[in-house]
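Using our numbering, read the sequence shown as starting at 370 and increasing by one per residue. Below you'll find the structure, written out as structure tokens, and then a few comments.
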Amino acid sequence: MMKASSVPKKKPTAQIIASSLGFLTIILLWIIISALHQNDIIFPGIINTLKVFFSLFQRRSTYFILLNTIGGLILVLVLSFLTALILSLISLKFPTFKSYITPFLALFKIIPVPALLIVFLVNFKQSFIPFLLTYIVLLPLVYDGLYGAFISINKDLIDELKITSKLNLLMIFKIYIPIVSKQVISTLLQALGLGLKVKVMSEFIAEAPNTIGYELSYGRATLSMDIVFAWSLILIVIVVILDAVLVNYLGKQEA
370 MMKASSVPKK
380 KPTAQIIASS
390 LGFLTIILLW
400 IIISALHQND
410 IIFPGIINTL
420 KVFFSLFQRR
430 STYFILLNTI
440 GGLILVLVLS
450 FLTALILSLI
460 SLKFPTFKSY
470 ITPFLALFKI
480 IPVPALLIVF
490 LVNFKQSFIP
500 FLLTYIVLLP
510 LVYDGLYGAF
520 ISINKDLIDE
530 LKITSKLNLL
540 MIFKIYIPIV
550 SKQVISTLLQ
560 ALGLGLKVKV
570 MSEFIAEAPN
580 TIGYELSYGR
590 ATLSMDIVFA
600 WSLILIVIVV
610 ILDAVLVNYL
620 GKQEA
């Protein structure tokens, strides 16, 4: 009888073909819609959008804008991770603390983002709003991911670790996090995707200067839909790359 480990894995040819067909369908729909409108102000064509797309990378300001949006997102994600890590560890140690912070995290999850934006627009600077809003949205997601990962660790292993050494930062980053690295990285990548959408949306509404959201707002105000589509294409490329990293990592973990 052939062992399961010796059975060769089938390549996901069907999935690749299906994904390619889906991508081609999107391109075809884009061509059809732009041909029906025949007006770049309403719906720019692919060629014109690609011209603007590549021209953006010839501007120095584009890289500063990308750094401001993407770099800011990474900073917020790091702060969210550290805060969620502290909260999850305290929650593991003191279950009553978890019960205490649950209403706050639930509030962050269910409160409408537009309502928060209105409050922030009145009380904070435009450039600070995207950071604060993204942090509030990401914190519950990262906390749930970390807490769920930690409680999934074998209790016997945790008891043994408690006997051999005291809980400290070195033990957390050298033992606990590597054990649940798959769940942690998956959570962080999900947070990156969600955070990018939230940050750009808040940049757009708050008109935070030198950001992708501001460029989208400028394109809308000047009826330059080719600029809007080009920046949207850049965002799509970033999200696709992040998604590919997630799929590749999970595939290696399951191999």
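Where a beta carbon is used, it is the ideal one built from N, C-alpha and C, also for glycine.
Quick one: residues in its chain with C-beta nearer than 6 Å to the C-beta of L604, no 5 flanking neighbours on either side, listed in chain order?
Within the sequence shown, the letter at position 235 stands for residue 604. Result list for L604: empty, nothing under 6 Å.
Is it true that the CB of G564 sits closer than 9 Å to the CB of T465?
As a working note, residue 465 is residue 96 in the sequence shown. As a working note, residue 564 is residue 195 in the sequence shown. No, the pair does not count as a contact, with Cβ atoms beyond the cut-off.
Spatial neighbours of L685 within its chain, please: CB distance less than 6 Å, with the 5 preceding and 5 following residues excluded, ordered by chain position.
What the structure shows of the chain is the stretch from 370 to 624, and residue 685 is not part of that stretch, so it cannot be assessed.
Residues in the same chain with beta-carbon distance under 7 Å from S496, minus the five sequence neighbours each way, listed in chain order, please.
Numbered from 1 along the sequence shown, position 127 holds the residue referred to as residue 496. Closer than 7 Å at Cβ, skipping near neighbours: A577, P578.
What residue does the alpha helix (DSSP H) around Q407 start on, and which one ends it?
Reading the sequence shown from its first residue, position 38 is the one you call residue 407. Unbroken run through Q407: none, as it is neither H nor E.
Exposed or buried, what is F422 when buried is set at 16 or more other beta-carbons lying within 10 Å of its beta-carbon?
Taking the first residue of the sequence shown as position 1, residue 422 is located at position 53. So F422 ends up on the buried side.
Could you check which residue in M594, L448, L446, S586 has the C-alpha nearest to that of N408?
Translated into positions along the sequence shown, residue 408 becomes position 39. Ranking the options by Cα distance to N408, first place goes to M594.
What separation, rounded to the nearest whole angstrom, lies between the Cα atoms of F598 and V608?
The residue you call residue 598 lines up with position 229 of the sequence shown. The residue you call residue 608 lines up with position 239 of the sequence shown. Their Cα atoms are separated by approximately 15 Å.
Ordered list of alpha helix (DSSP H) runs contained in the stretch 561 to 607, each at least 4 residues
Runs of the alpha helix (DSSP H) inside the stretch 561 to 607: 581 to 590.
Note down the Cα distance separating I632 from I401, rounded to an integer number of angstroms.
One cannot answer for residue 632 here, as it falls past the ends of the chain, which runs 370 to 624.
Does the structure place the stretch 410 to 429 close enough to the stretch 472 to 489 that three or more beta carbon pairs sit under 8 Å?
no
Under the three-state DSSP convention, the category K494 falls into:
Position 125 of the sequence shown holds residue 494. Annotated three-state conformation of K494 is coil, per DSSP.
Measuring alpha carbon to alpha carbon, tell me which residue in E572, I596, N437, V606 is nearest F489.
Position 120 of the sequence shown, counting from 1, holds the residue named residue 489. The shortest C-alpha separation from F489 is found at E572.
Can you tell me whether Y512 is buried or exposed? The criterion is at least 16 other CB atoms within 10 Å of its CB, across all chains shown.
Taking the first residue of the sequence shown as 1, we reach residue 512 at position 143. The residue in question, Y512, is buried, as its Cβ has 16 or more Cβ neighbours within 10 Å.
Mind reading off the beta-carbon distance from V567 to V506? Whole number of angstroms is fine, and I expect it under 8 Å.
Here residue 567 refers to the residue found at position 198 when the sequence shown is read from its first residue. Here residue 506 refers to the residue found at position 137 when the sequence shown is read from its first residue. Indeed they touch by this definition, with Cβ atoms about 5 Å apart.
Three-state class that DSSP yields for Q559 in the structure shown:
Along the sequence shown, read from residue 1 onward, the residue named residue 559 stands at position 190. It is helical.
Taking 9 Å as the CB-CB limit, is I470 close to chain B?
The structure shown contains no chain B; it is built from a single protein chain.
Starting from the C-beta of T452, find all residues in its chain whose C-beta is less than 7 Å away, skip the five residues before and the five after it, and write them out in chain order.
Numbered from 1 along the sequence shown, position 83 holds the residue referred to as residue 452. Result list for T452: L508, in chain order.
Assign F433 to one of three DSSP states: helix, strand, or coil.
What you label residue 433 is simply residue 64 of the sequence shown in a count that begins at 1. F433: helix per DSSP, three-state reduction.
Please tell me whether L611 and S601 are closer than 9 Å, where the distance is taken between their beta carbons.
Position 242 of the sequence shown, counted from the first residue, corresponds to residue 611. Position 232 of the sequence shown, counted from the first residue, corresponds to residue 601. For L611 and S601, no; Cβs fall outside 9 Å.
Over what stretch of residues does the alpha helix (DSSP H) that includes F450 continue unbroken?
For this step, residue 450 is matched to residue 81 along the sequence shown. From DSSP, the alpha helix (DSSP H) with F450 extends over 441 to 462.
Simplified DSSP assignment, three categories, for S389
Along the sequence shown, one-based indexing puts residue 389 at 20. S389: helix per DSSP, three-state reduction.
Looking only at its chain, what residues have a beta carbon closer than 6 Å to the beta carbon of N437, apart from the 5 residues adjacent to it on each side?
For this step, residue 437 is matched to residue 68 along the sequence shown. Within the same chain, N437 has close Cβ partners N579, T580.
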